[in-house]
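In terms of the working numbering, the sequence shown opens at residue -3 and continues consecutively.
Ideal placement from N, C-alpha and C gives every residue a C-beta, glycine not left out.
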Amino acid sequence: MFAERNLRIAAVLLAVAGLAVATYIAIAESGGGAPKCIAGGGGCETVANSKYSDLAGVNVAVLGILGYVLLLASAAIPGDYGRFGGFLTGLIGFGFSAYLTYLELFVIDAICQWCVASAILMALSLAVAATRALAYGGRELAPPQIQSSHGR
């Protein structure tokens, strides 16, 4: 079993790494450019220039920044509210990352390495948040135990 403190530290580290990746993508795309692919190829540029890189006029990397900030905040919040917030944010972020990965693979037909890195970090964030919520959740929100007066 992982100590909750260690899970919170892992959540912070993952959120900071995700925040760095999403911020890099957002900055690279802000001027109409694209993040530079590490292994070469034009996948990052193809993805960045696709119509799917924005959602309702907002760059999806900015949404990623928001998600990682929320994960960071929930890791800093002790107790059930932090546990539930981290799990809910991780679940939504993972679902959105899975959708974007589907688009890359089957619609855009290009892979952005930075987007894959963000998706992996979000999946790991969900795993940490779920472990924290399942192992330690419900303690503060549960009704108090009523003790019997029969001396048991």
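Can you name the start and end residues of the alpha helix (DSSP H) that residue i belongs to?
i, result
"Tyr64", "Val56 to Ala72"
"Tyr98", "Gly75 to Leu99"
"Asn2", "Glu0 to Ser26"
"Ala115", "Gln109 to Tyr132"
"Gly39", "Gly39 to Ala44"
Just to confirm, are residue i and residue j a CB contact at a threshold of 9 angstroms?
i, j, result
"Ala6", "Ile61", "no"
"Glu25", "Asn2", "no"
Can you tell me whether residue i is buried or exposed, with buried defined as 16 or more other CB within 10 angstroms of its CB?
i, result
"Ile23", "exposed"
"Tyr64", "buried"
"Phe90", "buried"
"Tyr98", "exposed"
"Val124", "buried"
"Ala35", "exposed"
"Val103", "exposed"
Can you give the beta carbon distance from residue i to residue j, rounded, assuming they're within the 8 angstroms contact cut?
i, j, result
"Ala71", "Ala11", "6 angstroms"
"Tyr20", "Trp110", "7 angstroms"
"Phe83", "Ala16", "Wrong, their Cβ atoms sit about 23 angstroms apart, outside the cutoff."
"Leu68", "Val8", "6 angstroms"
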